[in-house]
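From first to last, the protein sequence lines are chains A and B.
The first sequence begins at 156 in our numbering and counts up one residue at a time.
The second sequence begins at 171 in our numbering and counts up one residue at a time.
Beta carbons: idealized from backbone N, C-alpha and C, even for Gly.
Accompanying notes for the structure given below.
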Amino acid sequence: MDQRAALLKASFDTAQMVFNAVVGDLDEETAQFTLPGGKVPSAAAMIAHVIYGQDMMVAELSRQPLVLDRPGIRQETGITVVSASMSPEWLACSYNIEGLKQYSAAVFERTGEYLQNVTSAELDLVVPTPIGTQSSAADLLASIGVVHLAEHTGEVSTLKGACGKVGLPF
Amino acid sequence: MEPRAEVLLAAFDSAHMMFDAVVAGMTATQASYVAPGSKLASAATIIAHAVFSEDAMVAEAAGSPRTLESGDFGPRTGIVVPPGAMLPAWDGEFQFDALLDYAAAVFQRTTDFLASVSASRLDEVVASPMGHGATVARFLAGAGAIHLAQHTGEISALKGVQGIRGLPF
């Protein structure tokens, strides 16, 4: 296993573990909660955004179809739009938290499999990033993959806290 | 640069950039806000915790003292590490502007460390926050940029709770 892939897998494993700790007990009501006068999307919209983002990144790098396009997943999650950006259309979707949890588990499993088998040459490939720059696949996974998931996990944690629940376990 | 250090630096660079974007324009009043009836800490407390943690991690990884104890960051920020303790008490009064100066110094030290770290140092075993040993590379991959990014997300949403824009995406 490429040494960078091992590090990336360790990073994703930690970020995914914390995501699961924060999202595990999230119920439908808390997941749909939006603060009156606040500028934070619902936890469900954020979860859908970040998992779809990871799905797209790994699908593109591994040249495989999206997990989202497997039979039934769009219907079960409520993700009906094509782009994962936090557009008004994205925020207007009706997300299902239990479907999103199952979708995240499938995306995390596919990420693990990809990193287990990725070659050094594949990690060195220069690819476009979502912000219009170019980066090696390894750096893209580290900078936008892992960090993006961790940031939105923190946001979901705060939304739980705003509802009087415990967010991050530390 | 060591290939693993390059990957670690990419993650830290991204987490630092997002942290800077989220705290930019934030006022001391917004940073000390605690939502009534919530279980949320203030943004200032979260910033103190997250930046101190990176400082402590990189100091451990580098085998050198923490930035907090260099110069006057302790008294300026309000972060007090009790004698004999690994972690500070987090119920103090924090100085927001000084916390941002402290963050900038810690981030610069992280970058300098990763730009020059050797393969053999990355393979050395150090104590992790979970109490077991890990190589420097695994330690930073598992607990470094991820920890800062998670807390940046919390701060972003704390801004959103106050009706202010958080993350720029």
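- Using a Cβ-Cβ cut-off of 8 Å, Gly207 (chain B) counts as an interface residue toward chain A, since at least one Cβ of chain A sits closer than that to its own.
- Under the three-state reduction of DSSP, Ser288 (chain B) is assigned to coil, being neither helix nor strand.
- At a C-beta separation below 8 Å, Gln200 (chain B) has no neighbours in chain A, since its nearest C-beta there lies roughly 13 Å away.
- Of the candidates A:Val311, A:Lys315, A:Thr308 and A:Leu296, the residue whose Cα lies closest to the Cα of Lys164 (chain A) is A:Leu296.
- Taking all protein chains shown into account, Pro226 (chain A) has fewer than 16 neighbouring C-beta atoms within 10 Å of its C-beta and is therefore exposed.
- Counting the other Cβ atoms within 10 Å of the Cβ of Arg159 (chain A) gives 16 or more, which makes it buried.
- Annotation: the continuous beta strand (DSSP E) that includes Gly303 (chain B) extends over Gly303 to Thr305.
- Against chain B, the beta carbon of Ile206 (chain A) has no neighbour under 7 Å; the closest one sits roughly 15 Å away.
- Residue-level contact by beta carbon holds for Ser298 (chain A) and chain B, with a gap shorter than 8 Å.
- One alpha carbon belongs to Ala161 (chain A), the other to Cys318 (chain A), and they sit about 37 Å apart.
- Residue B:Ser212 holds the alpha-carbon nearest to the alpha-carbon of Ala327 (chain B) among B:Ser212, B:Ala229, B:Ser223 and B:Phe182.
- Proximity of Gln320 (chain B) to chain A, defined by a Cβ-Cβ separation below 8 Å, is satisfied.
- Check the Cα spacing between Ile325 (chain B) and each of B:Leu269, B:His317 and B:Gly336: the tightest is with B:Gly336.
- Cβ-Cβ distances below 6 Å link Ala170 (chain A) to Val301, Leu304 and Ala305 in the same chain, with the five nearest sequence neighbours on each side left out; the list follows chain order.
- For Arg236 (chain B), no CB of chain A lies under 8 Å from its own CB, so it is not counted at the interface with that chain.
- Just measuring C-alpha positions, the residue of A:Asn251, A:Ile252 and A:Val237 sitting nearest Trp245 (chain A) is A:Val237.
- Within the same chain, Cβ atoms closer than 7 Å to the Cβ of Arg291 (chain B) are found at Val306, the five residues on either side in sequence being excluded.
- Residues of chain A with a Cβ closer than 7 Å to the Cβ of Glu294 (chain B) do not exist, since the nearest Cβ in that chain sits about 15 Å away.
- With contact defined as three or more Cβ pairs closer than 8 Å, the region 213-222 of chain B and the region 248-268 of chain B are in contact.
- At a cut-off of 8 Å between beta carbons, Asp183 (chain B) contacts chain A.
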